[in-house]
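Visitor: Going by the numbering used here, the letters in the sequence shown line up with residues 2 to 211, in that order.
Glycine included, every Cβ here is placed at the ideal spot set by N, Cα and C.
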Amino acid sequence: MTTTDDFAHVFTPATEPGTPTLLLLHGTGADENDLLPLGRALAPGAALLSPRGKVTENGMNRWFRRVREGVFDVEDLIARTAELADFVTAATRTYDLDPDRIVVSGFSNGANTGAALLLLHPRLLCGAALFAAGAPLQGREPEAVDLSRIRVFLSSGMDDPVTTIDQARLLASQLEDRGARVEEHEHPGGHRLAPEALDQARDWFERSRF
2 MTTTDDFAHV FTPATEPGTP TLLLLHGTGA DENDLLPLGR ALAPGAALLS
52 PRGKVTENGM NRWFRRVREG VFDVEDLIAR TAELADFVTA ATRTYDLDPD
102 RIVVSGFSNG ANTGAALLLL HPRLLCGAAL FAAGAPLQGR EPEAVDLSRI
152 RVFLSSGMDD PVTTIDQARL LASQLEDRGA RVEEHEHPGG HRLAPEALDQ
202 ARDWFERSRF
């Protein structure tokens, strides 16, 4: 049985009543502290749950294995995503969180993992703010799950060489086809968390009223 001890993580309780929990998923080479400033900027006062990916690649933390850059080990992604979903469920019990008010936010590898959580574990989350995410189940059509209660913000770089804009748009299409309410923000940059994207995401979060 998965417990909160199974992932190195940081948990920061909410400082404002009635706020959701932000699940923060770092990018390749980062750790559980990397996206805490993003969480505080995106949803001031919300609880923050920020685990560390358990896969290492050349000494860098990741959420799942890949064959090479841009090519995922999809079976490992599926298994690691299930493990992460179990951790989040355990954390809701340990930290007395509302399981119906968890929003994932991630960058790059973490954003792809957040997208996989939406498609593979649709009842785990109520929303997502993902930066530089693409369709995670490469070459596979996700199951026809019901995402009608999910709100999603996607930020993508038009010149991103790692997560191409076509992959970002494919993810948006997959989510919309399953009923999610998706708001897309495309910026002219590359593989980064653009400042203007954060501004757009903060506005989206406030309007979403999770």
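Are the segment 7 to 22 and the segment 86 to 106 touching by the rule of at least three beta carbon pairs closer than 8 Å?
Guide: yes
Visitor: Under the three-state reduction of DSSP, which class applies to E187: helix, strand or coil?
Guide: Correct three-state label for E187: strand.
Visitor: Given this structure, state the Cα-to-Cα distance separating L282 from A91, to the nearest angstrom.
Guide: It is not possible to answer for residue 282, since the shown part of the chain is limited to 2 through 211.
Visitor: For P222 and A169, which I take to be in contact (beta-carbon distance under 8 Å), what is that distance rounded to the nearest angstrom?
Guide: Shown here, the chain extends from 2 to 211; a query on residue 222 therefore has no answer.
Visitor: If we count Cβ pairs, one from each stretch, closer than 8 Å, do we get three or more for the segment 180 to 188 versus the segment 147 to 155?
Guide: With a cut-off of 8 Å on Cβ pairs, the segment 180 to 188 is in contact with the segment 147 to 155, counting three or more such pairs.
Visitor: Buried or exposed: A219, going by 16 or more other Cβ atoms within 10 Å of its Cβ?
Guide: The question about residue 219 has no answer here: the residues shown for the chain are numbered 2 through 211.
Visitor: Can you list, in chain order, the residues of its chain with a C-beta nearer than 7 Å to that of R66? Leave out the 5 residues immediately preceding and following it.
Guide: V56, D74, D77
Visitor: Taking C-alpha atoms, which residue in A80, G140, D35, I79 lies nearest to N62?
Guide: Ranking A80, G140, D35, I79 by Cα distance to N62 puts D35 first.
Visitor: Suppose you measure from the CA of G190 to the CA of A133; what does that come to, to the nearest Å?
Guide: 11 Å
Visitor: Quick check on this structure: which residue in A47, A48, N59, L171 has the alpha carbon closest to the alpha carbon of A31?
Guide: N59
Visitor: Quick check on G128: buried or exposed, where buried means 16 or more other Cβ atoms within 10 Å of its Cβ?
Guide: Classification for G128: buried.
Visitor: Quick one: Cα of F206 to Cα of T13, how far?
Guide: 19 Å
Visitor: Tell whether a beta-carbon distance below 9 Å holds between L171 and G140.
Guide: no
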